[in-house]
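To start, the structure itself, in structure tokens.
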Amino acid sequence: MSPLNQQILLKSFKNLLCIAAEKEIQLLLWKKEDDMRPEKERGKKELNTSETQNSNCCL
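1 is the number of the first residue of the sequence shown in full-length UniProt numbering; add one for each residue after it.
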């Protein structure tokens, strides 16, 4: 594998790790927020993933 291909592969892997970490954090925050709701309202609000899709953390 050429050095250029290795760099591209490494950058892609880092981007995937970053996206996975962002989604995990977002899920934990959503869960914490949901747990603080009254019991009858829990689970009704959907998880919003659009913020993670527009993130620039991995650039």
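We treat Cβ as the ideally placed atom computed from N, Cα and C, and that holds for glycine. The model shown is predicted, which means the values in this text are computed figures rather than measured ones.
Item, Value
"Extent of the continuous alpha helix (DSSP H) run through K14", "P3 to D35"
"Rounded separation between F13 and D34 - CA only", "31 Å"
"Under the three-state DSSP convention, the category E46 falls into", "coil"
"Rounded separation between K31 and E22 - CA only", "14 Å"
"Sequence-distant residues of its chain with Cβ nearer than 6 Å to L27 (five each side left out)", "none"
"Sequence-distant residues of its chain with Cβ nearer than 7 Å to K45 (five each side left out)", "D34"
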